[in-house]
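To start, the structure itself, in structure tokens.
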Amino acid sequence: MHIMLNNIVLVIWLHGLPQLSHLQRLLESLRQRVFRRLHRSVGKETGETAHMERWNNTLRQRVGRMVRKTLSFSKDATWHDGVIHWFNV
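Residues 1 to 89, numbered by full-length UniProt numbering, are exactly what the sequence shown covers, in order.
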């Protein structure tokens, strides 16, 4: 998202429309609007937290590296990230 917004501003600036300071304010305004729509807090009464909790439970049940420090222990963070990546694929 960040790269896409920067590219939009760069294209507008290269065509010589507004000044750079105006574009920076435009970029910040776009970021705030986009992230306000994407990230919003919800209360428990909406029931939307159940989806995230279900995902966390699935990870705990299927990827032992998330909860165990003995049999499924990853000595390197790269391996840990790789296992979680392959679980998501």
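We put the beta carbon where it would ideally sit given N, CA and C, even for glycine.
- Rounded to the nearest whole angstrom, the C-alpha separation of W55 and T49 is 10 Å.
- In this structure, DSSP gives D81 a helical state, which the three-state scheme calls helix.
- The three-state reading of DSSP puts K44 in helix, counting H, G and I together.
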